[in-house]
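Undergrad: So the sequence shown is residues 2 to 432, counted in the numbering used here. Glycine included, every Cβ here is placed at the ideal spot set by N, Cα and C. Computed from a predicted model, the values in this text were never measured in an experiment.
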Amino acid sequence: MNIAIIGAGYAGMSAAYDLAKAGHKVTIYEAAGHPGGLAAGFKQPHWDWSVEIFYHHWFQSDIHMLGLIDELGLRHKVLYPRPLTVVMHRGKWYPFDSIPNAILYPGLGWGINKIRFGLVGLYLKLTNNWRGFEKVTVDEWMRKWAGEKVYRQMWEPLVIGKFGEKYAKEVNMAWMWARLKARTSRLGTYQGGFQVFADDFAEILVEMGVIFRYNTPVREIVPTVDDQLTVKTDAYDMLTYDRVLSTTSPKLLSKTVPALPEDYLKGLLALKSMGAVVLTMSLKHQLSKDGFYWFNMPKSEGFPFLALVEHTNYVSPDHFGGEHIVYAGDYLQPGHEYFSLSKEELLKRFIPAIQRINPEFSQEWVLNTWVYKAEYAQPVPLLNHSEHIPEIKTPINGLYFASMSQVYPWDRGTNFAVEIGRRAARLMMEK
Ligand SMILES: Cc1cc2nc3c(=O)[nH]c(=O)nc-3n(C[C@H](O)[C@H](O)[C@H](O)COP(=O)(O)OP(=O)(O)OC[C@H]3O[C@@H](n4cnc5c(N)ncnc54)[C@H](O)[C@@H]3O)c2cc1C
2 MNIAIIGAGY
12 AGMSAAYDLA
22 KAGHKVTIYE
32 AAGHPGGLAA
42 GFKQPHWDWS
52 VEIFYHHWFQ
62 SDIHMLGLID
72 ELGLRHKVLY
82 PRPLTVVMHR
92 GKWYPFDSIP
102 NAILYPGLGW
112 GINKIRFGLV
122 GLYLKLTNNW
132 RGFEKVTVDE
142 WMRKWAGEKV
152 YRQMWEPLVI
162 GKFGEKYAKE
172 VNMAWMWARL
182 KARTSRLGTY
192 QGGFQVFADD
202 FAEILVEMGV
212 IFRYNTPVRE
222 IVPTVDDQLT
232 VKTDAYDMLT
242 YDRVLSTTSP
252 KLLSKTVPAL
262 PEDYLKGLLA
272 LKSMGAVVLT
282 MSLKHQLSKD
292 GFYWFNMPKS
302 EGFPFLALVE
312 HTNYVSPDHF
322 GGEHIVYAGD
332 YLQPGHEYFS
342 LSKEELLKRF
352 IPAIQRINPE
362 FSQEWVLNTW
372 VYKAEYAQPV
382 PLLNHSEHIP
392 EIKTPINGLY
402 FASMSQVYPW
412 DRGTNFAVEI
422 GRRAARLMME
432 K
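(1) Taking A260 as the reference, give the member of D238, P396 and G165 with the closest Cα.
(2) If the criterion is Cβ atoms closer than 7 Å, does the pair Y106 and Y95 meet it?
(3) Since M155 is in the alpha helix (DSSP H), which residue starts that stretch and which ends it?
(4) Pairs of beta-carbons, one from the stretch 285-301 and one from the stretch 415-423, closer than 8 Å: are there three or more?
(5) Between S99 and S186, is the Cβ-Cβ spacing less than 7 Å?
(6) Going by other Cβ atoms of all chains shown within 10 Å of its Cβ, with 16 needed for buried, is V278 buried or exposed?
(7) Please determine, among Y191, K26, L284 and P391, the residue with the shortest C-alpha to C-alpha distance to D264.
(8) How far does the alpha helix (DSSP H) with F198 in it reach, from first residue to last?
(9) Buried or exposed: where does K163 fall if 16 or more other Cβ atoms within 10 Å of its Cβ makes it buried?
(10) Considering only residues of the same chain and omitting the five flanking positions on each side of N102, which have a CB-CB separation below 7 Å?
(11) Taking 7 Å as the threshold (beta carbon to beta carbon), is P335 in contact with chain D?
(12) What runs of the alpha helix (DSSP H), each 4 residues or longer, lie entirely inside the stretch 127-191?
(13) Look at the Cβ atom of A16, then the Cβ atom of I6, and state whether they are nearer than 7 Å.
(14) Drop a sphere of 10 angstroms on the beta-carbon of M429, count the other beta-carbons inside from all chains shown, and report buried for 16 or more, exposed for fewer.
(15) Using CA coordinates, which residue listed in K394, Q154 and A33 is at the minimum distance from R214?
(16) Tell me the rounded alpha-carbon separation between M405 and A236.
(17) Just confirm the distance between the C-beta atoms of V219 and V232, as a whole number of angstroms; I'd bet it's less than 8 Å.
(18) Ordered along the chain, which non-local residues of its own chain (more than five positions away) have a Cβ less than 6 Å from that of Y328?
(19) I need the straight-line Cα distance from A147 to F402, nearest angstrom please.
(20) Considering just the uninterrupted stretch of the beta strand (DSSP E) at P224, what are its terminal residues?
(21) With 16 other CB atoms within 10 Å as the buried threshold, where does E141 fall?
(22) So, for K44: in the same chain, excluding its five sequence neighbours on each side, which residues have a beta-carbon less than 6 Å away from its beta-carbon?
(23) Would a C-beta distance cut-off of 7 Å place V137 and M174 closer than the cut-off?
(24) According to DSSP, simplified to helix, strand and coil, what is G323?
(25) Give me, in chain order, the residues of the same chain whose beta-carbon lies closer than 7 Å to that of G42; leave out the 5 immediate sequence neighbours on both sides.
(26) Looking at M239 and ligand 1, is the gap between the Cβ and the nearest heavy atom below 6 Å?
(27) Curious, which full-length beta strand (DSSP E) runs of at least 3 residues does the stretch 331-406 contain?
(28) What does a CB cutoff of less than 6 Å around H312 pick up in its chain, not counting 5 residues either side in sequence?
(29) Kindly list the residues whose CB is nearer than 6 Å to the CB of G8, restricted to its own chain and excluding five residues on each side of it in sequence; keep chain order.
(30) Keeping to the same chain, check which residues put their C-beta closer than 7 Å to that of K285; ignore five residues upstream and five downstream.
(31) On the DSSP bridge list, what partners appear for E53?
(32) Less than 6 Å between the CB of A33 and some heavy atom of ligand 1, yes or no?
(33) If F351 and F321 are in contact, beta carbons under 8 Å, what's the gap, nearest whole angstrom?
(34) When every heavy atom of ligand 1 is checked, does at least one fall within less than 6 Å of the C-beta of L307?
(35) Contact check, F60 vs A179 under 8 Å by CB: the rounded distance?
(36) What's the gap between the Cα of A308 and the Cα of V316?
What follows is the structure, given as structure tokens:
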């Protein structure tokens, strides 16, 4: 078959891999100038490694991604450094990424709250009943079973940070279950950074015969009378394919395929998601003298963003010419004012918060800044979300759709992009 894929992120590239391996002719259309999608990276000329546009790592439980990396023969390039994640209690930061650290954390006292926190965590790790969890909100379930104090101290800041006040009380408990179930404290990366992995993967695909059309946003996908699909771009003549897989957001799919039936379009547009804004800084000096990597910043303490991540407390600053790389990131409603602020304006707003990590920090330390923004960054799973997930096989013959909104009950991640991309490829090859 002659197949077009929209998007050179991990869903698109993973689908292309299986389709090309099965002997199909695959063309990938990508709006950006490089592969990797949300997990892409950028590099300065004097850096050896790339920095991710949005902080990224793999968990040890990412079986789909690690399985693919094995198939590609690239496993020797996956590294698992041991970074430290910290949470705040009474203005101080405490490591919170192992059972001993959780036991030592003073924020829950030494009595019933710590026991409830531990038991609830263990129960969620062991149970597989996510269908029951999607009928209740995180807010309701956690307050009932973990208790008010544990929820307010440990989980609510994450839920508010990720989904904002608007959705914090509406997100279903299966989302929290999936996070705890599928994540490990050891975090993996790729030698050279995530962009190097995307480039290595794309190179293998090219060797397999896959054609990449970069800087080529698809404007429209139109079904033809003989059950084929025409892909319209500004750069190429309209080309016709037997199958098309779109890996863009639900909103973009609805825009590019107005021919979709109204019910399916309505379903796409009803899906909720959050955007992300990440300011990246290269600094002259190390920010966290304790070597902490990931700071969970509680908004209730007045922090203007959710996560401060000192990348070079995870991988060595030697890869970046001795510079220290720090991300300040947040998940926001599309249309939030951060989407229209420049990197200079964001830095100005963030400086007081960064000084709470290290009072010596000043603008003087900042060598360079970058800002990346994505309108579609985090799907929001509301109650009974499984009933609202669009089918991968759309109602239009030959048109398939695989996005972050469909990997549920799992939370979005490159691991699940690989899984859904490969699942879509299998469906596309069915007779
Ligand atoms: C802040 C943040 C942190 C994250 N952290 C992690 C992490 O630590 N670990 C992890 O595994 N995952 C993480 N993720 C999630 C991960 O990035 C995504 O789940 C994954 O990259 C999704 O892959 P995808 O292929 O489904 O979509 P995308 O990566 O979004 O790929 C879609 C591609 O389609 C292209 N496109 C869009 N419109 C068009 C068009 N009209 N024509 C042509 N091309 C088009 C886009 O340019 C893009 O390249 C994070 C995401 C964010 C935002």
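TA: Taking the definition as stated:
(1) P396
(2) yes
(3) Element bounds for M155: n/a, residue is neither H nor E.
(4) no
(5) Taking 7 Å as the Cβ cut-off, S99 and S186 qualify as a contacting pair.
(6) Under this definition V278 is a buried residue.
(7) Comparing Cα positions, the closest option is P391.
(8) F195 to E208
(9) buried
(10) P96
(11) The question asks about chain D, but that chain is absent: this structure has only one protein chain.
(12) 131-134, 139-146, 157-169 and 174-183
(13) Cβ distance < 7 Å, so A16 and I6 count as in contact.
(14) M429 is buried by the Cβ-count criterion.
(15) A33
(16) 27 Å
(17) 6 Å
(18) Y56, V279, T281 and V310
(19) 38 Å
(20) Element bounds for P224: V219 to P224.
(21) exposed
(22) S51
(23) Contact: yes.
(24) coil
(25) S51, V52, E53, I54, G194, F195 and Q196
(26) no
(27) Unbroken beta strand (DSSP E) stretches of 3 residues or longer found wholly inside the stretch 331-406: 367-381 and 400-402, given in chain order.
(28) I326
(29) T248 and T249
(30) W366 and L368
(31) Answer is G42, bridged to E53.
(32) Yes, Cβ of A33 sits closer than 6 Å to a heavy atom of ligand 1.
(33) In fact, because the Cβ distance is near 20 Å, the residues do not count as touching under 8 Å.
(34) No, the beta carbon of L307 sits no closer than 6 Å to any heavy atom of ligand 1.
(35) About 12 Å separates the two Cβ atoms, so there is no contact after all.
(36) Taking the straight line from one Cα to the other gives about 18 Å.
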